[in-house]
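Residue numbers (the numbering used here): 820 to 961. Take a look at the structure set out below.
And the structure:
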């Protein structure tokens, strides 16, 4: 469906505002790590922006549905505006937890390009050329 000129202008303005917010957040993240404000944005490269509007009508038998499969978001950062129904879950301590929707909030999700590891890991070539992942400093002697 093509947008008429009035709606197109609204979407372009909204898109510009969300892009500016994402760039500010990436700059704050860089600065909080003691890096120049443009460091993460420069490392990510060309700025790709996508606006997706999803509407899921009420399900007559929600107990029979699975929803979307677990996934990660591509790119550097995802800005999500939820409605009052919600449905977003995050994996916390091995359990799926519902994110309480707030009508006046934007959920900020660090996506694949900005995800941080909790562990320093090394790939170690063991006997026979197999590679294993271990916690840094915890390699056992065979």
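A virtual CB, placed ideally from N, CA and C, is assigned to each residue, including glycine. Just so it is clear, the structure is predicted and the values come from calculations on it, not from any experiment.
In the DSSP assignment, residue 928 falls within the beta strand (DSSP E) that extends over 926 to 929. Collapsing the DSSP output to three states places residue 870 in coil.
For residue 934, the secondary structure class from DSSP, reduced to helix, strand or coil, is coil. By the neighbour-count criterion, in which 16 or more other beta carbons inside 10 Å mark a residue as buried, residue 895 falls on the buried side. Relative to residue 906, the option among 884, 824, 842, 851 whose CA is nearest is 884. Annotation: residue 871 to residue 852 spans about 30 Å, alpha carbon to alpha carbon.
With fewer than 16 other Cβ atoms inside 10 Å of its own Cβ, residue 839 counts as exposed. In this structure the region 911 to 924 does not lie against the region 828 to 843, because fewer than three pairs of beta carbons, one per stretch, are closer than 8 Å.
Judged by beta-carbon spacing, residue 927 lies beyond the 8 Å limit of residue 901, meaning their Cβ atoms are not closer than that value. Under a 10 Å Cβ-count criterion, residue 848 is classified as buried, with 16 or more other Cβ atoms of the shown protein chains found around its own Cβ.
Annotation for residue 842: 860 place their beta carbon closer than 7 Å to its own, counting only its chain and skipping 5 residues before and after. Nearest in C-alpha terms to residue 877, of all of 845, 911, 923, 904, is 904. Listed in chain order, the non-local C-beta contacts of residue 858 below 7 Å within the same chain comprise 849, local neighbours out to five positions each way being set aside. Just measuring C-alpha positions, the residue of 898, 914, 924 sitting nearest residue 868 is 898. Close CB contacts of residue 929 within its chain, under the 6 Å cut and outside five residues either way in sequence, are absent.
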